[in-house]
Every structure is written in C-alpha cells, then in structure tokens.
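Participant: Quick one: this structure, given as structure tokens, is what I'll be asking you about.
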Amino acid sequence: MTASGAVALGGRVELPREAVLLTTALGPCLFGTAFLATAHLPGTPVWNAVYRVLPAGLLLLAVRPALPGGVWWARSILLGALNFGGFFALQAVAAHRLPGAVVATISAAQCLVVPVLVIALGQRVGNRDLWAPPIGLTGVALLLFEGETAFDMPGVLAAAGLALLSATGMVLTRRWGTPPGVHPLSATAWQMTAGGLLLLPIAALADGAPPRLTLAQLSLTVWLSAAATALAFALFFGGLHRGVPATTASRLMLQAPVVATALGWTLAHETLRPPQLAGILLVLTAQLAGLRTRDPARAP
C-alpha cells in the first residue's frame, strides 16, 4: 500500500472506494458541460457527434495503444454502437428537436432501466437500487422541465432510445469488464473509435457534407471531444471497471443535468426557482442514499 492509501496491483493503482466514486462522478459532471456547448454548434447533429466521438477515441488510443482480439472485436463494435454511435446520434437528434432540459429529463430515465437489466442478467439488487432512482429522476424533472414546452414526438422517441441505449451499454460494460492485461483506457478507446466509424455513413446520409466550423465552434468541439467525451468516459468507465456497480453509476449520471443547470445559472444568467432547488436536493439525496458499500452478490 502506498502512503496515500492506494494499492498497486499488477502495475495498476487501486484507489480507495471513496476516491473511485469521486473520480467516477467527475465523468457525468463533464458530460453536463455539453448541454450548453451543443447549443452553439451547426445544425448538423450527426456530424457534430462524429466530430466529438471519433477524435476522442483516437486520442485515447494514442495514450494507450492496443488492438482488440478475439471476441473483443465484436464486443467493441456492439459497445461502441450502444455507448457512443447510437448514444450520441440519438442525443444529437433529440437535442436539435427538443430543449436540452427535456432531453436530459427523459434520458435520465436510464437510472430506472439499469436495475431492471441487472436483474434480468441474474444479479441481485438492493432495495436502495429500486427506490433511489425514482427520487433522482423526480429531482431531474423538477430541475429542468419547463411546463409550457411543446413535445416533438421524434425528439421524445430519440431521447427515450437514448435512455435505453445508455442503460444497456452501461450494464454490459460493467459485466464484460476488460480483456486480461488490457488497460481500461484501451477498451474505452476501442468503443469510441468503433462508435465514431459507425456514425460516419449515418452522418453523410442524414446531414450531407461535413459542416464548416467557425473558430468558436471549433473550440467548443475540441472541448466536447477531449474533455466532455475522452476524459469524461475515461473517468466514468474507469469507475465501472474498478468495481462501481452499474446501478450506482447510473445514479451518478444524474450529476450531468445538475451541472448543466449550474452552468446555465452562472454563465447564461438563468434563474434558479424553488422547484429547481428542490430538484437539486432530490438528486443529491438519491446519490447519497443509494450508495452501497460493495457489489451485490450474483444470484445463484
């Protein structure tokens, strides 16, 4: 054990559980910055997703170069489609058809889907994994939802699909882990790169030619790719690979709309009304009350 309390195993530093939870939660906090930035990008949602995902995957591959082998080729493509290709395509479509607040509220329903998927895969979940997510989702709704918003059905369906893809990808990422001897950054890079490549033909069909970015849009895209994607998913998936249960990780994702609201308040001079403050309190209650000390045991 090192002086800081971390344990080194096989060349990898194993952090204390509290530090793992903290670094995992930083990922959704970085995700939350995307809501404000995406509003200033061109009206080509799928190309925006390509610009965000593919460079992020190549960046992580440069940091931890490795290639998948055997079954991990298929797994990387599937997880890339769930966690990145389909995820960001649907997120971009929903964000261009609905206010970001509504997209965040609907997609946050992934915290309700994850416990169901975990049970379906033969694992037990605790009572907290069932009652804490609805509290957090209610908080997100109070935090973001505007009652007079007009619903666009394709946008709603895209946001709902986003929640389903996010939940499925999160559960499978936690279940499959990484190949022996492969760093989690490499496994995450495989998924990002696969997702970005899958998005290329979809972008060409849906949005036509790639858009030209202004200097400001290019700066936002660099932030979205390097910080809100590469670093954010490295931290978040790193927590899953270090043992954070998928049910806990799904609740940590609720930090993203909290950060988005905080940025809107501080940078866009938006106001925080009493229902929004109550929503923040409910989200934090779900985060703290739902944390568990260990993974649930596998069902026999």
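Letter 33 of the sequence shown, counting from 1, is numbered 32 in numbering that gives the first Met the number 0, and no numbers are missing. Ideal Cβ positions, reconstructed from N, Cα and C, are used throughout, including at glycine.
1. Do you know how far the Cα of Ala-108 is from the Cα of Arg-272?
2. Is it true that the CB of Ala-48 sits closer than 8 Å to the CB of Leu-212?
3. By the 10 Å Cβ neighbour count, where 16 or more other Cβ atoms means buried, how is Met-176 classified, buried or exposed?
4. Using only the alpha-carbon positions, how far apart do Thr-137 and Gly-79 sit?
5. Using only alpha-carbon positions, find the residue among Ala-36, Pro-44 and Met-191 that is nearest to Phe-236.
6. At a cut of 8 Å, does the stretch 214–230 reach the stretch 149–168 through at least three beta carbon pairs?
7. Report yes if the C-beta distance between Gly-194 and Phe-83 is below 8 Å; otherwise report no.
8. Pair every Cβ in the stretch 32–46 with every Cβ in the stretch 242–254, then say whether three or more of these pairs are closer than 8 Å.
9. Specify, as a first and last residue, the run of the alpha helix (DSSP H) that Leu-219 falls within.
10. Have a look at Gly-69, Thr-22, Ala-88 and Trp-71 and flag the residue whose alpha-carbon is nearest the alpha-carbon of Leu-53.
11. Should Leu-59 go down as buried or exposed, given a rule of 16 or more other Cβ atoms within 10 Å for buried?
12. Quick one, which of Pro-178, Leu-217 and Val-124 has its alpha-carbon nearest Val-70's?
13. Going by DSSP, what residue range makes up the alpha helix (DSSP H) through Met-152?
14. Within 10 Å of its beta-carbon, does Pro-274 have 16 or more other beta-carbons around it, so buried, or fewer, so exposed?
15. Between Pro-244 and Ala-208, what straight-line distance do the alpha-carbon atoms span, to the nearest angstrom?
Facilitator: Per the coordinate set shown:
1. The straight-line gap from Cα to Cα measures roughly 23 Å.
2. In this structure, Ala-48 does not lie closer than 8 Å to Leu-212 by Cβ.
3. The amino acid at residue 176 is misidentified as Met; the sequence shows Gly. The residue is exposed, with fewer than 16 neighbouring Cβ atoms inside 10 Å.
4. 30 Å
5. Met-191
6. no
7. Cβ distance < 8 Å, so Gly-194 and Phe-83 count as in contact.
8. no
9. 214–224
10. Ala-88
11. buried
12. Pro-178
13. Per DSSP, the continuous alpha helix (DSSP H) segment holding Met-152 begins and ends at 152–175.
14. Pro-274 comes out exposed.
15. 41 Å
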